[in-house]
Amino acid sequence: MNRREFNSNLLLAVPAAAFAAQQPASSLRVNGRRLNTRLAELAQFGKTPEGGTHRLAYTEADLAAREYSMKLMRDARLDVSIDAAGNIIGRRAGSEPSLKPLVIGSHIDSVPEGGSYDGQVGSMGAIEVAHTLADANTRLRHPLEVIIFQNEEGGTVGSIAIARGLAEKELDLVSNSGKTIREGIRFIGGDPDKLSGAVRRKGDLAAYVELHIEQGGILHAGNIDIGVVEGIVGVYWWEVTIEGFANHAGTTPMNQRRDALLAAAKYIDAVNRIVTSVPGRQVGTVGRIQAFPGAYNIVPGRVLTTLGLRDLDAAKVRALFESIRTETRRIENETGTKFDFKQVNSSPPAPADERIRRIIDRSAKQLGFTTRDLPSGAGHDAQEIANLCPIGMIFVPSRDGISHSPREYSTPEDIANGANVLLHTLLALDQEV
Ligand code: HGY
Ligand code: MN
Ligand code: MN
Numbered sequence: 014m015n016r017r018e019f020n021s022n023l024l025l026a027v028p029a030a031a032f033a034a035q036q037p038a039s040s041l042r043v044n045g046r047r048l049n050t051r052l053a054e055l056a057q058f059g060k061t062p063e064g065g066t067h068r069l070a071y072t073e074a075d076l077a078a079r080e081y082s083m084k085l086m087r088d089a090r091l092d093v094s095i096d097a098a099g100n101i102i103g104r105r106a107g108s109e110p111s112l113k114p115l116v117i118g119s120h121i122d123s124v125p126e127g128g129s130y131d132g133q134v135g136s137m138g139a140i141e142v143a144h145t146l147a148d149a150n151t152r153l154r155h156p157l158e159v160i161i162f163q164n165e166e167g168g169t170v171g172s173i174a175i176a177r178g179l180a181e182k183e184l185d186l187v188s189n190s191g192k193t194i195r196e197g198i199r200f201i202g203g204d205p206d207k208l209s210g211a212v213r214r215k216g217d218l219a220a221y222v223e224l225h226i227e228q229g230g231i232l233h234a235g236n237i238d239i240g241v242v243e244g245i246v247g248v249y250w251w252e253v254t255i256e257g258f259a260n261h262a263g264t265t266p267m268n269q270r271r272d273a274l275l276a277a278a279k280y281i282d283a284v285n286r287i288v289t290s291v292p293g294r295q296v297g298t299v300g301r302i303q304a305f306p307g308a309y310n311i312v313p314g315r316v317l318t319t320l321g322l323r324d325l326d327a328a329k330v331r332a333l334f335e336s337i338r339t340e341t342r343r344i345e346n347e348t349g350t351k352f353d354f355k356q357v358n359s360s361p362p363a364p365a366d367e368r369i370r371r372i373i374d375r376s377a378k379q380l381g382f383t384t385r386d387l388p389s390g391a392g393h394d395a396q397e398i399a400n401l402c403p404i405g406m407i408f409v410p411s412r413d414g415i416s417h418s419p420r421e422y423s424t425p426e427d428i429a430n431g432a433n434v435l436l437h438t439l440l441a442l443d444q445e446v
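Heads up: the sequence shown begins at 14 in my numbering, then just goes up one per residue.
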């Protein structure tokens, strides 16, 4: 007996009254075929030979995918606009205009050489929910907003712009596309000189719910349909510059070198050693490294690299960073180099709202799905929007827990399940907040 048969047999055994409570309040369901067809079409923008997606924010592929998504929003009878920060916003009025909007959405930009589901499932799923409501002529009490946040993979840039505003120094940061954030915002139709117009205040939104792939292996390994997210880890990034001294690789004795790449090797090992030295689920990653001048016959005089730290506990991240910094000071003395850390992203951890978690869990079970509570080891726009209103996240399984890879995959059935849970969570929130 498979999971679906087990669930349907289980429901037959439930007494009538309890059975009624088990049933979804509405018979509405998303159009799974339409949703998965659109995901396949979206994947064409920046498709890689390996079958993944390389659609960096602020590139031509991103622009084309944005145009495609705005067309789908219009087909779903949403009023579409782009805010000053370049976020795409689809709106539909509610029957009670005095209420604050219920917001759903995600992102469609990808990491370099990434997959076709991260962010995309939540963005297309949100549009599908809006389209299903329009097809059924179901108007919510609350206004509805579907938001596709810009440049989530560059550090939740679009949702920071909405939740707390972008500082001048952040606008000068260079994104994966090579454009500065300021140039990128202009490239996608925003106006970096009017960013205050994109900022929302606490209380401006009633609630935000994001559908997303798990990007980890808990649901797939446990054969569980839906993940109910407990909270999202804090995500902290630094650009790390290591200054040594470039010199002749043949005539410079080994004990007279200031080798920046040797210092980097000791640094990378230290990050792993320090992060794994304390119990818990914290993670530390060095994701990129470049050595200069970069020739066989020159001792590397300069290294550009990175540091990424994550945990549900911000204090633990601070402590880990201090330990790493102390260790790099020792490496400086040992190698005659100098380390500089420039923080480029700081997204604090965000707990999901208890009541929204219960509504997600109830909606999923009423639809006959199995559920499990779990934290998010990935960062999301939801953790920025948590500064404005209560948030919740719905996960669907990622095959073998693979993500940020062309091998990222979720089944069409799981994707449709997640969109149905998003639909029913939205309908319940519309009645309960
Ligand atoms: O990096 C992350 O966790 C997210 O996928 N942007
Ligand atoms: Mn994502
Ligand atoms: Mn991602």
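The beta-carbon is built from N, C-alpha and C at its ideal position, and this holds for glycine as well.
All values derive from a computational prediction rather than experimental measurement.
Query - Backbone secondary structure at N433 - three-state DSSP - result: Position 420 of the sequence shown, counted from the start, is the residue given in the question as residue 433. In the structure shown, N433 sits in a helix (DSSP, three-state: H, G or I).
Report task. Tell me whether I121 sits in a helix, a strand or coil according to DSSP, three-state version. Result -> Within the sequence shown, residue 121 is the residue found at index 108, counting from 1. Residue state, collapsed to three classes: coil.
**Report entry** Boundaries (first-last residue) of the alpha helix (DSSP H) holding E166
**Finding:** Along the sequence shown, read from residue 1 onward, the residue named residue 166 stands at position 153. No alpha helix (DSSP H) holds E166; DSSP gives it neither H nor E.
Query - Proximity winner among L436, V446, E445, relative to S39 (alpha-carbon distances) - result: Translated into the one-based positions of the sequence shown, residue 39 becomes position 26. Closest option to S39, Cα to Cα, is L436.
Report task. Give the straight-line distance between the Cα atoms of V159 and T72, rounded to the nearest whole angstrom. Result -> On the sequence shown, position 146 is the one that residue 159 refers to. On the sequence shown, position 59 is the one that residue 72 refers to. Computed Cα separation, rounded: 22 Å.
Report task. Measuring alpha carbon to alpha carbon, tell me which of N164, A429, T145 ends up nearest I121. Result -> Along the sequence shown, read from residue 1 onward, the residue named residue 121 stands at position 108. With distances taken between Cα atoms, I121 lies closest to N164.
Report task. Have a look at A30 and R199 and give me their C-alpha separation to the nearest angstrom. Result -> If you number the sequence shown from 1, residue 30 lands on position 17. If you number the sequence shown from 1, residue 199 lands on position 186. Residue placement at A30 is flagged as unreliable, the pLDDT there being 47, under the threshold of 50; the coordinate-derived value follows with that caveat. Cα to Cα, the separation comes out at about 57 Å.
Query raised in the report: So, using beta-carbon positions, are G118 and Y221 closer together than 9 Å?
Result: For the purposes of this step, residue 118 is taken as residue 105 along the sequence shown, with counting starting at 1. For the purposes of this step, residue 221 is taken as residue 208 along the sequence shown, with counting starting at 1. Contact flag set, yes.
Query raised in the report: Would the region 273 to 281 and the region 310 to 320 be scored as touching if the rule is three or more Cβ pairs under 8 Å?
Result: yes
Report task. Would you please state the rounded distance, in angstroms, between the beta carbons of A365 and V242? I believe it to be under 8 Å. Result -> On the sequence shown, residue 365 is found 352 positions in, with the first residue counted as 1. On the sequence shown, residue 242 is found 229 positions in, with the first residue counted as 1. With a Cβ gap of about 5 Å, A365 and V242 count as contacting.
Query - Euclidean distance between Cα positions of G203 and S172 - result: As a first step, residue 203 must be located in the sequence shown, where it is residue number 190. As a first step, residue 172 must be located in the sequence shown, where it is residue number 159. Going by the C-alpha atoms only, they are around 14 Å apart.
Report task. Express the C-alpha separation of T254 and A432 in angstroms, rounding to a whole number. Result -> For the purposes of this step, residue 432 is taken as residue 419 along the sequence shown, with counting starting at 1. For the purposes of this step, residue 254 is taken as residue 241 along the sequence shown, with counting starting at 1. In a straight line, the C-alpha of A432 is about 43 Å away from that of T254.
Requested in this report: Please list, in chain order, all residues of the same chain as E109 whose beta carbon is under 8 Å from its beta carbon, the five residues on each side excluded.
Outcome: Here residue 109 refers to the residue found at position 96 of the sequence shown. The answer, listed in chain order, is R154, H155.
Query raised in the report: Exposed or buried, what is P37 when buried is set at 16 or more other beta-carbons lying within 10 Å of its beta-carbon?
Result: Within the sequence shown, residue 37 is the residue found at index 24, counting from 1. Result: buried.
Query - Where E138 sits in the DSSP three-state scheme - result: Locating residue 138 in the sequence shown gives position 125, where the first residue counts as 1. At residue 138 the sequence reads Gly, which differs from the Glu that was named. If DSSP states are grouped into helix, strand and coil, G138 belongs with the helices.
Report task. Measure the alpha-carbon distance for L275 versus I372 and round it to whole angstroms. Result -> Locating residue 275 in the sequence shown gives position 262, counting from the first residue. Locating residue 372 in the sequence shown gives position 359, counting from the first residue. If you take the alpha carbons of L275 and I372, they lie about 53 Å apart.
Requested in this report: Please indicate yes or no: does the CB of A395 lie closer than 8 Å to some heavy atom of ligand 1?
Outcome: Indexing the sequence shown from 1 puts residue 395 at position 382. A395: no, Cβ never under 8 Å from ligand 1.
Requested in this report: Return helix, strand or coil for T289, following the three-state DSSP convention.
Outcome: For the purposes of this step, residue 289 is taken as residue 276 along the sequence shown, with counting starting at 1. It is coil, neither helix nor strand.
Report task. Answer yes if the region 211 to 227 comes into contact with the region 170 to 184, meaning at least three C-beta pairs across the two stretches below 8 Å, and no otherwise. Result -> yes
Requested in this report: Could you tell me whether the region 133 to 152 touches the region 38 to 58, where touching means 3 or more Cβ pairs closer than 8 Å?
Outcome: yes
Query - Any 3 or more C-beta pairs closer than 8 Å across the region 181 to 200 and the region 85 to 93 - result: no
Query raised in the report: Is the distance from the Cβ of G127 to the Cβ of R68 below 9 Å?
Result: Numbered from 1 along the sequence shown, position 114 holds the residue referred to as residue 127. Numbered from 1 along the sequence shown, position 55 holds the residue referred to as residue 68. Closer than 9 Å, so yes.
Report task. Give me the Cβ distance between V330 and W250, rounded to the nearest whole Å; I'm assuming they're in contact under 8 Å. Result -> Working through the sequence shown from its first residue, we reach residue 330 at position 317. Working through the sequence shown from its first residue, we reach residue 250 at position 237. Going by Cβ atoms, the distance from V330 to W250 rounds to 11 Å, so no, they are not a contact pair.
Query raised in the report: Pick from N100, F408, L333, T348: whose alpha carbon is nearest that of D427?
Result: One-based indexing of the sequence shown puts residue 427 at position 414. Taking only the C-alpha atoms, the option nearest D427 is F408.
Report task. Please classify T339: is it buried, with 16 or more other beta-carbons within 10 angstroms of its beta-carbon, or exposed? Result -> Here residue 339 corresponds to residue number 326 of the sequence shown, with the count starting at 1. Its Cβ having fewer than 16 others within 10 Å, T339 is exposed.
Query raised in the report: Within this structure, are the beta carbons of R375 and L232 separated by less than 9 Å?
Result: For this step, residue 375 is matched to residue 362 along the sequence shown. For this step, residue 232 is matched to residue 219 along the sequence shown. No. Outside cutoff.
Requested in this report: Find out if the Cβ-Cβ distance for the pair A11, I245 is shorter than 9 Å.
Outcome: The requested residue 11 is not part of the displayed model; the chain covers only 14 to 446.
Query raised in the report: What span of residues does the alpha helix (DSSP H) with G197 cover, start to end?
Result: Taking the sequence shown and counting its residues from 1, the one referred to as residue 197 is at position 184. Looking at the DSSP string, the run of the alpha helix (DSSP H) that includes G197 is 194 to 200.
Query raised in the report: Counting only runs that start and end within the region 243 to 330, where is the alpha helix (DSSP H) found for 4 or more residues in a row?
Result: 273 to 288
Query raised in the report: How about H67: is its Cβ closer than 8 Å to a heavy atom in ligand 5?
Result: The model depicted lacks ligand 5 and carries ligand 1, ligand 2 and ligand 3 instead.
Query raised in the report: In chain order, what residues of the same chain have a beta carbon less than 8 Å from the beta carbon of F19, not counting five sequence neighbours either side?
Result: Counted from its first residue, the sequence shown places residue 19 at position 6. Low confidence applies to F19: its pLDDT is 46, below 50, so where it sits in the model is not reliable, and the reading given next is rough at best. For F19, where only same-chain residues beyond five positions count, there are no Cβ hits under 8 Å.
Query raised in the report: Alpha carbon to alpha carbon, how far is G414 from V284?
Result: Here the question's residue 414 lines up with position 401 in the sequence shown. Here the question's residue 284 lines up with position 271 in the sequence shown. Looking at the two C-alpha atoms, the distance is approximately 24 Å.
**Report entry** C-alpha gap between Y81 and A74, whole angstroms
**Finding:** Working through the sequence shown from its first residue, we reach residue 81 at position 68. Working through the sequence shown from its first residue, we reach residue 74 at position 61. Between Y81 and A74, the C-alpha separation is close to 11 Å.
Query raised in the report: For R375, which of helix, strand or coil comes out of DSSP?
Result: As a first step, residue 375 must be located in the sequence shown, where it is residue number 362. Helix at R375.
Report task. Determine the closest residue to T61 out of K351, V124, A259, with distance taken between C-alpha atoms. Result -> Within the sequence shown, numbered from 1, the residue matching residue 61 stands at position 48. Residue V124 is the option with its Cα nearest to T61.
Requested in this report: Can you give me the start and stop residues for the beta strand (DSSP E) that Q36 sits inside?
Outcome: Taking the first residue of the sequence shown as position 1, residue 36 is located at position 23. From DSSP, Q36 is part of no beta strand (DSSP E); its letter is neither H nor E.
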